[in-house]
Every structure is written in C-alpha cells, then in structure tokens.
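Asks:
In our numbering, the protein residues as written are 565 to 722.
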C-alpha cells in the first residue's frame with residue numbers, strides 16, 4: 565500500500581482500531597498511539613535509533629501489541645511547505661516501513677510540533693535533561709492527535 569493522503573488514509577481504515585503515530589528523528593523515534601475509537605492520542609515510548617531493521621522490529625512489535633490498523637508518520641516540512649532533508653528522511657523511513665509491512669500509512673505535516681511540545685514542557689518547569697528524555701514521544705502523541713482531529717473534521721464534513 566502506498567503512502568496515502570488524509571482522505572485515502574481515513575477510507576483505508578476499518579471503523580475502529582488504534583493508529584500508531586511515529587515521530588522519527590535523527591537520534592530517537594517517538595511513538596504515540598490512539599485509542600480504538602481514534603478520539604485520543606497518547607504518548608507511549610521512545611526508541612533510541614540504532615539500525616533500521618532493529619528500529620522497525622520495535623515499531624512493528626508496538627503496532628502488533630496494540631492491534632493497530634494504520635500508521636501516521638511525522639513529515640517535517642519546511643515552514644514554506646517545501647521538502648527539506650528531514651522530510652525526505654521521513655519519507656524514506658515510511659517507504660522502508662511499508663516494504664516490511666503493508667499497512668495504511670499517512671505522512672502528516674508536523675511542522676512546529678516538537679517546538680510546541682518543548683514550550684509546554686518548559687512551561688511545566690521540566691528540567692532540560694527530563695525534556696530530552698520525553699520530548700520525542702510527547703511530540704509523537706501531539707502529532708498523532710493533530711491527524712486524528714483532521715480525520716474527525718473531514719468525517720464531520722468540515
């Protein structure tokens with residue numbers, strides 16, 4: 565199954581089932597997951613990047629463990645909407661995952677999600693060290709919630 569746009573992704577999903585959210589960075593991959601009704605996204609884990617095959621094994625284990633029915637991968641576009649090196653890396657990451665497992669997959673624009681999460685963690689008086697430990701998984705949940713909200717809005721006809 566190819567990478568899908570929002571409408572195709574929503575149409576490819578069964579009526580219920582969790583969706584896995586991934587925020588792939590250079591050093592870590594944040595993981596979030598939705599509930600089975602796809603109303604709420606939660607941040608669940610961070611994987612320290614090693615080798616793609618090892619990372620993919622951990623991602624697919626989380627996908628299977630939570631009985632997910634699709635994936636949303638963060639796509640960090642530039643502020644002007646163009647594709648830079650990070651977005652190209654996210655696309656390649658998604659393509660490589662699809663080569664291992666044919667699932668509905670959406671690349672979701674995650675511009676400023678990590679910055680928004682970092683500001684929130686700073687406002688919550690979290691130490692720099694602790695922020696570094698949690699920012700990727702929280703960003704994955706934040707990004708996934710944005711995709712879920714967009715799907716709900718689309719289904720509501722908005």
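A virtual CB, placed ideally from N, CA and C, is assigned to each residue, including glycine. Just so we're clear, the structure is a prediction, and the values are computed from it rather than from any experiment.
Looking at the secondary structure, which residues open and close the beta strand (DSSP E) in which residue 605 lies?
Replies: From DSSP, the beta strand (DSSP E) with residue 605 extends over 605–612.
Asks: When DSSP labels each residue in this structure, what does residue 587 get in the three-state scheme?
Replies: It is a strand residue.
Asks: Are three or more beta carbon pairs between the segment 626–646 and the segment 672–689 nearer than 8 Å?
Replies: Segments in contact, yes.
Asks: Let's test the definition: count the other Cβ atoms within 10 Å of the Cβ of residue 601 and tell me whether it reaches 16, buried, or not, exposed.
Replies: By the 10 Å Cβ count, residue 601 comes out exposed.
Asks: Taking the beta strand (DSSP E) that residue 597 belongs to, which residues open and close that run?
Replies: Where residue 597 is concerned, the enclosing beta strand (DSSP E) stretches over 592–598.
Asks: State buried or exposed for residue 595, treating a residue as buried only when at least 16 other CB atoms are found within 10 Å of its CB.
Replies: Under this definition residue 595 is a buried residue.
Asks: Could you tell me the distance, in whole angstroms, from the CA atom of residue 659 to the CA atom of residue 665?
Replies: Straight-line Cα distance between these residues: approximately 10 Å.
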